[in-house]
Amino acid sequence: MSFPSNLPIDGQRLWDSLAEMAKIGATAKGGSCRLALSDEDKAGRDLFVSWCEAAGCTVTIDRIGNIFARRKGHDDSLAPVVMGSHLDTQPTGGRFDGVFGVLAALEVVRSLNDRGVDTLHPVEVAVWTNEEGSRFSPPMMGSGVVTGVFTLDEILDKVAQDGARLGDELVRTGYAGDAPVDHPMHAYLEAHIEQGPVLEVEGKEIGVVTGAQGQRWYEVTVTGVEAHAGPTPMRLRRDALVAAAAMVQAVQRVGLETAGDPCATVGILDVHPHSRNVIPGRVFFTVDLRHPNADTLADMDRRFRAAVAAIAEQNGVSAEIADFWHFPPTPFAKPLVDRVREAAGGFGFSHRDIVSGAGHDAVYVAGKVPTAMIFIPCEDGISHNEVENISPADGARGAAVLFETLVATAGKP
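One gets this note's numbering by counting positions in the sequence shown from 1 and adding 2 to each.
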């Protein structure tokens, strides 16, 4: 296994840590399953905390379960520069989504120790609670509470698909902390796998993330009339699934007919009563619209709603659209973005500016403090999948850029 030479971090140590964390919740196809506040998530958090304490960090946990591992600064009264991401995964998740950002940040702290680097500001590594939004919805809960997007009480009362209450699971796993959720930060840096194919296709080693796409999530319920599949003539049916199928195609058209890197996805579709000889009377489905331009995203919203209303009328059914989640396109702080670009160039790494197509904790944190992200390529652009993969060398490059950006941001005495 080879790593780029003359890096300020230990690429092998980072890779070994990633491999050790991947053993927790390991899946048959080589991925990871550590759903938020599950036993596996607890085990991953416990391992991370033990590594941070071994690195001389002081660990605190806030009331929503976010973990902050602090390395003292020369002036410890200053707000910390925070790095981090998340350890929870999708049910059939990969070994690197979120985890790379956490352990790259830990590797930066270890390397600061190795080199005896004294930073003016304290440095912290954060693990945000429930970024994925798989077991508990919506996603990005921990960072959302810290930044005031959600209230603490509303998130503590969220109930998972398995019936568990989030606040109770924090207590059960030992991560119901007592630190205030209004956590001070001087700046925030997050390293992450791209989760898309652009860097790999273009042969770039680092993505300099300038911001994140805006997103709108919806829940749609289509209601028709259940009836027997045999005696009911086609012309007299009010088939909720037929209407929903046309709406799914309309969502696809909204994406295809929009300029400038749009995304339009139906991810869940539930049919009731789910019987082979009954005309479906109710269909529930989810819609996810994304675009980096706020005006264009608003236009996608308008066209989606108009299409659903027209299709419902044509098919004699009703359709209710519920807004589930929304955040606008988010630019990152230019001075920090410039530092990421300068760090990549300083190492001679090939790089390009890129907009994040996925939501990250950095998106919420950017509303509170200056924020930047660093992307590394992932194999075939695949993520949220057990075969998700990165090269050890790319991991080391990303951690090295994070190191240099952190040092420039935290300052020297």
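Backbone N, C-alpha and C fix where the C-beta goes; we use that ideal spot for every residue, glycine too.
Distance check for R343 and P199, CA to CA, integer angstroms please. Using only the alpha carbons, I get a separation of about 20 angstroms.
Boundaries of the beta strand (DSSP E) in which M85 is found, first to last residue: Counting along the chain, the beta strand (DSSP E) containing M85 begins and ends at V83 to S87.
Find out if the Cβ-Cβ distance for the pair S313, A374 is shorter than 9 angstroms. Correcting the residue type first, residue 313 is Ile in the shown sequence and not Ser. Going by C-beta atoms, I313 is not nearer than 9 angstroms to A374.
Please report the straight-line C-alpha distance between V2 and T411, rounded to a whole angstrom. Because the chain here runs from 3 to 415, residue 2 falls outside it and cannot be looked at.
A261 to W327, Cα distance in whole Å? Taking the straight line joining both Cα atoms gives about 23 angstroms.
Rounded to a whole number of angstroms, what is the C-alpha to C-alpha distance between S320 and A247? Spanning the alpha carbons of S320 and A247 requires a straight line of approximately 14 angstroms.
At the level of alpha carbons, what is the spacing between E228 and V285? When rounded, the separation of the alpha-carbon atoms in E228 and V285 is 11 angstroms.
Where D2 sits in the DSSP three-state scheme: For residue 2 there is no data in the structure shown, the boundaries of the chain being 3 and 415.
Proximal residues to A345 (C-beta, below 6 angstroms), its chain only, five neighbours per side dropped: When the five nearest sequence neighbours on each side are left out, the beta carbons in the same chain lying within less than 6 angstroms of the beta carbon of A345 are those of V403, E406 and T407, in order along the chain.
Tell me whether the beta-carbon of D99 lies closer than 9 angstroms to the beta-carbon of E381. Contact annotation: D99 and E381 have beta-carbon atoms that are not nearer than 9 angstroms.
Report the CB separation of G216 from R292 in whole angstroms; it is logged as a contact under 8 angstroms. That belief holds up - the Cβ atoms of G216 and R292 are roughly 7 angstroms apart, short of 8 angstroms.
The alpha helix (DSSP H) enclosing M187, as first and last residue numbers: No alpha helix (DSSP H) contains M187, which DSSP labels as neither H nor E.
Can the beta-carbon of F138 be found less than 9 angstroms from the beta-carbon of A38? Contact flag set, yes.
Within 9 angstroms, strictly: CB atoms of K414 and V119: Judged by their CB atoms, K414 and V119 are nearer to each other than the 9 angstroms cut-off.
Using the Cβ count rule (16 or more neighbours within 10 Å means buried), how would you classify M143? Per the 10 Å Cβ criterion, buried.
Inter-stretch contact at 8 angstroms, needing at least 3 Cβ pairs: the stretch 66–80 / the stretch 121–129: Yes, they touch.
Please specify which runs of the beta strand (DSSP E), each continuous and at least 3 residues long, are wholly inside the stretch 331–412, giving them in chain order. The DSSP assignment places complete beta strand (DSSP E) segments of no fewer than 3 residues inside the stretch 331–412 at 353–358 and 373–378, in order along the chain.
Report the option in D301, V210 and D180 whose CA atom is closest to the CA atom of N68. Restricting attention to D301, V210 and D180, the CA atom closest to the CA of N68 is found in D180.
Quick one: is G165 buried, meaning 16 or more other Cβ sit within 10 Å of its Cβ, or exposed? So G165 ends up on the exposed side.
By a C-beta neighbour count over all protein chains shown, 10 Å radius and 16 as the cutoff for buried, is K25 buried or exposed? Exposed: under 16 other Cβ atoms inside 10 Å.
By DSSP, does S145 sit in helix, in strand, or in coil? Helix, per DSSP.
Report buried or exposed for V409, applying the criterion of at least 16 other Cβ atoms within 10 angstroms of its Cβ. By the neighbour-count rule (16 or more Cβ atoms within 10 Å), V409 is buried.
Look up L291 in the DSSP assignment and say whether it is helix, strand or coil. Reduced to three states, the DSSP call for L291 is strand.
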